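Q: Please find one structure pasted underneath; my questions will follow.
There are 2 protein chains.
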Amino acid sequence: MALIVHKYGGTSMGSTERISQVAKRVAKWARAGHQMVVVPSAMSGETNRLLALAKALSPAQVTQDHLRELDMLAATGEQASSALLAIALQAEGMPAISYAGWQVPVRTNDAYTKARIESIDDQRVRADLNAGKVVIITGFQGVDDAGHVTTLGRGGSDTSAVAVAAALKANECLIYTDVDGVYTTDPRVVPEARRLKTVSFEEMLEMASLGSKVLQIRSVEFAGKYKVPLRVLSSFTPWDIDIHEEAASGTLITFEEDEQMEQAVVSGIAFNRDEAKISIMGVPDKPGIAYQILGAVAQANIEVDMIIQNISKDGKTDFSFTVHRNDYARAMDLLKAHVLPSLGAPEVMGDAKICKVSIVGIGMRSHVGVASKMFRSLSEEGINIQMISTSEIKTSVVIDEKYMELAVRALHKAFDLDQNQA
Amino acid sequence: MALIVHKYGGTSMGSTERISQVAKRVAKWARAGHQMVVVPSAMSGETNRLLALAKALSPAQVTQDHLRELDMLAATGEQASSALLAIALQAEGMPAISYAGWQVPVRTNDAYTKARIESIDDQRVRADLNAGKVVIITGFQGVDDAGHVTTLGRGGSDTSAVAVAAALKANECLIYTDVDGVYTTDPRVVPEARRLKTVSFEEMLEMASLGSKVLQIRSVEFAGKYKVPLRVLSSFTPWDIDIHEEAASGTLITFEEDEQMEQAVVSGIAFNRDEAKISIMGVPDKPGIAYQILGAVAQANIEVDMIIQNISKDGKTDFSFTVHRNDYARAMDLLKAHVLPSLGAPEVMGDAKICKVSIVGIGMRSHVGVASKMFRSLSEEGINIQMISTSEIKTSVVIDEKYMELAVRALHKAFDLDQNQA
């Protein structure tokens, strides 16, 4: 007997028919002898419907008072779907009880609309589990110290599920989603892409931050912090498939070092074309220059991803960075108007037609030559590398966006991702 | 400066446009210097939408577990509308905060779907009022001692508003509704019917129980118990009418004895045709007979309204009572099958084509001859009285339903209701 947490997204909870399917699946797990906790999202579309009503009444405001009410409003979506799931389980003959965040309680700070979980009390939930009930806990929400309702922000239900699993020391947290796991790369780009049976926490973190939108990045961080075994699996398999088959499906995100012993050097290829690159050439190489440039950008609320500064020549250096493509024009205008004049007439160049391709793998830590293999492979395809950035388990390059698919396919093949069993 | 409670029903909260109007009206009262507490219902249709989802998942069950989840589900409707009203008030530049029942808290017993309010903590609300905020409290719901969400049952928002007003010792509780007050009788039947400027608590109670569906009867009881001045007024007047005109509109339900000094003898005529009459003739007049008949009826969950037993003759008596018309056939079948056989072959007669007409007036206490004036007036119209029942401030008669409108008009005129200023 294990303590298992299931998390179901809005699509899985999208209609009474689908809620019924979720109830049948959860009941199957409970009948197999597991203690079950379920964290559902709101029915798909519900959160948007509620926030549209708020928007019709008032322009968006950033006052605490306004954000507090948005949270009161949005939190009703998960409370309703949780109660409906409890009702569906009871209809299956399975005792069940639903709790809103404040009832558990799931304690958060008071950063309305983007609160962070601080602690979860497990007493009430454990008592119900011991009494043989399935316990349903609303995702996405909590309560602050003053008793106000908070929400964790979009996608927060993943984080709720992982936090609940951590608090209860659950044996595993299963995130049911509309993909059947984590892949070596996007199967729409590389048909040979394989589902990973396991992936390390650190790799998952890099993949998530690089645009693999399988899991909300905060939930992966949380899982890493509390060593919660996390499994991403499909909510589209029939509810009545064999439980052992289901339990082994999807991708397990692991935290045990020795489980990663046989890990491939590179686990996956991530990519995105959401970025644009900006280079300032001939910048005087003196202290404070980086801040002078990026400080202005940050003040305009423009987020910077990669930053590269090469060694200087003749007291001048070139300074490059990438921003989200949506912020590109604004960033260029800002630099030309306010930054360049004070830098001694350097030149600014920008390019929005770029993409970032990254290889991710925990094995890179202990294997030399991984980056150079990446560069060779790209060079063999005649792809010019514009920028390079590395971390312990990731190497990213910026290239012309027209080569993106070619690069991803070449790298996928070069690192044998279509053949190895991860 | 006064402390005022406003209550708005589902129609008033039915769209963002209407919520905006409510916000403007409340803001007007707040700007006039009043401390404002608002108790809204869910947006019209929302509660039904939620309960239909539950019904699609599960047949109705009466287990505590099932009813608990129905309350968790239904309570989201008021939480959402309350947050929306707070947002609308903030958009008007009026500081506002919404609280769900559990946040106040509004404590109830644990009779899910029909809970009763036990106490309301005023501390948090008072602090916000003193800080200059409009406080919005969800109608219809509360929390039990174990921290489970409860609802008060349909129409419970009226009761919530009155209970909140009582807890805060509010100067007045204004119930905004789709009628503009309490009338001497239904204006659709008697065009001369007048709106009462004031009506006593006891009269209102009799009117409510007799089918004037202006206010939920429990809320009137509550208001009587705690002496909350209650005003019924229209939510359809423009929000920007003069506040003094608005404050004097509708009907005030009073509890002060001296305010009733000049009260008319009869305040209003109530009527309904929801009932059917059943008479058992020739019942042996011995102890236990009433229980033998009505016990069986009550066991079948059939509610009985009027009960009349006349003095006996030759050891036999006639026993009559009325039931809701929907229960008439079932009650007749039950009596024939299970009750009559044991009563020594009496005869049962029934009539569903009846109506009940009542005169209500606190002045009846101190004025003799009111009932006889009623009977004379009916007799002058040639209307035969089938049953009579009286209480301290009410006299009801059962007559053929075809005479209902005639009787109501005659009585309305006989007691000068179309002329006197109440």
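Protein chains in written order, with my numbering: chain A, 1 to 422; chain B, 1001 to 1422.
Don't be surprised by glycine CBs; every beta carbon is placed ideally from N, CA and C.
These numbers were taken from a predicted model, which means no experiment stands behind them.
#1: Please go through the region 209-240 of chain A and give each complete beta strand (DSSP E) segment of 3 or more residues, from N-terminal end onward.
#2: Spell out the partners DSSP gives Asp400/A in its beta bridges.
#3: Can you list the residues of chain A that Pro1095/B reaches, using a CB-CB cut of under 7 angstroms?
#4: Report back the beta-carbon spacing between Leu1070/B and Thr1113/B to the nearest angstrom; my notes put them in contact at under 8 angstroms.
#5: Mind listing, in chain order, the continuous beta strand (DSSP E) runs of no fewer than 3 residues lying wholly within the region 1097-1121 of chain B?
#6: Touch check for the region 5-24 of chain A and the region 50-68 of chain A: three-plus C-beta pairs under 8 angstroms?
#7: Residues in its own chain within less than 6 angstroms of Ala1167/B by CB, not counting five upstream and five downstream?
#8: Would you list the one or two residues that DSSP bridges to His324/A?
#9: Considering only their Cβ atoms, is the gap separating Val283/A from Thr254/A smaller than 8 angstroms?
#10: Counting Cβ pairs closer than 8 angstroms, one from the region 1042-1050 of chain B and one from the region 1215-1223 of chain B, do we hit at least three?
#11: Please confirm if Gly1014/B has its CB atom under 8 angstroms from at least one CB of chain A.
#12: Could you tell me the alpha carbon to alpha carbon distance between Arg25/A and Asp240/A, rounded to whole angstroms?
#13: I need the DSSP call for Met1349/B, collapsed to helix, strand or coil.
#14: Helix, strand or coil for Leu1129/B, going by three-state DSSP, please let me know.
#15: Name the chain A residues that come within less than 8 angstroms of Ala1088/B, Cβ to Cβ?
#16: When the Cβ atoms of the region 318-337 of chain A are set against those of the region 358-377 of chain A, are three or more pairs found closer than 8 angstroms?
#17: Classify Val1199/B: buried if its beta carbon has 16 or more other beta carbons within 10 angstroms, exposed otherwise.
#18: Select from the region 1124-1158 of chain B all residues with a C-beta closer than 7 angstroms to any C-beta belonging to chain A, and list them in chain order.
#19: Exposed or buried, what is Gln1260/B when buried is set at 16 or more other beta-carbons lying within 10 Å of its beta-carbon?
#20: Taking 8 angstroms as the threshold (beta carbon to beta carbon), is Gln1309/B in contact with chain A?
#21: What did DSSP end up calling Val266/A once you bin it into helix, strand or coil?
#22: What three-state label does DSSP hand Ser391/A in the structure shown?
#23: From the DSSP output, in three-state form, read off Ala1422/B for me.
#24: Leaving out the 5 sequence neighbours to the left and right, which residues in its chain are closer than 8 angstroms to Leu1294/B when beta-carbon positions are compared?
#25: Using a Cβ-Cβ cut-off of 6 angstroms (strictly less than) and excluding sequence neighbours within five positions of Val38/A, which residues of its own chain qualify?
#26: Run through DSSP, which three-state label would Phe1319/B get?
#27: At a CB-CB cut-off below 8 angstroms, which residues of chain B make contact with Ile19/A?
#28: Between the Cα of Glu17/A and the Cα atoms of Ala30/A, Ala75/A, Ala32/A, Leu84/A, which residue gives the shortest distance?
#29: For my contact list, Val1408/B and Ser1267/B are in at a C-beta cut-off of 8 angstroms; report their separation, rounded to the angstrom.
#30: Measuring CB to CB, does Lys1277/B end up less than 8 angstroms from Met1387/B?
#31: Return the chain-ordered list of same chain residues with a C-beta closer than 8 angstroms to the C-beta of Ser1342/B, the five sequence neighbours on each side being excluded.
#32: To the nearest angstrom, how far is the alpha carbon of Gln1079/B from that of Arg116/A?
#33: What would DSSP say about Gln1260/B, mapped onto helix, strand or coil?
#34: Within 8 angstroms (strictly less), CB to CB, does Ser1267/B reach chain A?
#35: Name, going along the chain, the residues of the region 343-377 of chain A whose beta-carbon falls closer than 8 angstroms to a beta-carbon of chain E.
A: In terms of the structure at hand:
#1: 230-234
#2: DSSP, once it has assigned bridges, lists Ile354/A as partnering Asp400/A.
#3: Asp65
#4: 6 angstroms
#5: 1106-1108, 1117-1120
#6: no
#7: Ile1120, Asp1122
#8: His324/A is bridged by DSSP to Glu275/A.
#9: no
#10: no
#11: no
#12: 7 angstroms
#13: strand
#14: Leu1129/B carries a helical assignment under DSSP once its states are collapsed to helix, strand and coil.
#15: Leu57, Ser58
#16: In this structure the region 318-337 of chain A does not lie against the region 358-377 of chain A, because fewer than three pairs of beta carbons, one per stretch, are closer than 8 angstroms.
#17: Classification for Val1199/B: buried.
#18: Gly1147
#19: Caution applies to Gln1260/B, whose pLDDT of 48 falls short of 50 and renders its modelled position unreliable; the value that the coordinates give is listed next. Of the residues assessed, Gln1260/B falls on the buried side of the cut-off, its CB having 16 or more other CB atoms within 10 angstroms.
#20: No, Gln1309/B does not count as interfacial toward chain A.
#21: coil
#22: strand
#23: With a pLDDT of 44 at Ala1422/B, under the threshold of 50, the predicted position of this residue should be treated as unreliable, though the coordinate-derived value follows. DSSP places Ala1422/B in coil when its eight states are reduced to three.
#24: Val1304, Ile1307, Phe1321
#25: His6, Val26, Ile136
#26: strand
#27: Leu1057
#28: Leu84/A
#29: Actually they do not touch by this definition, with Cβ atoms about 14 angstroms apart.
#30: Contact: yes.
#31: Gln1292
#32: 22 angstroms
#33: Because Gln1260/B carries a pLDDT of 48, less than 50, the predicted location of this residue cannot be relied on, and no value is offered for it.
#34: Judged by the 8 angstroms Cβ criterion, Ser1267/B is not in contact with chain A.
#35: Chain labels in this structure do not include chain E; the protein chains are A and B.
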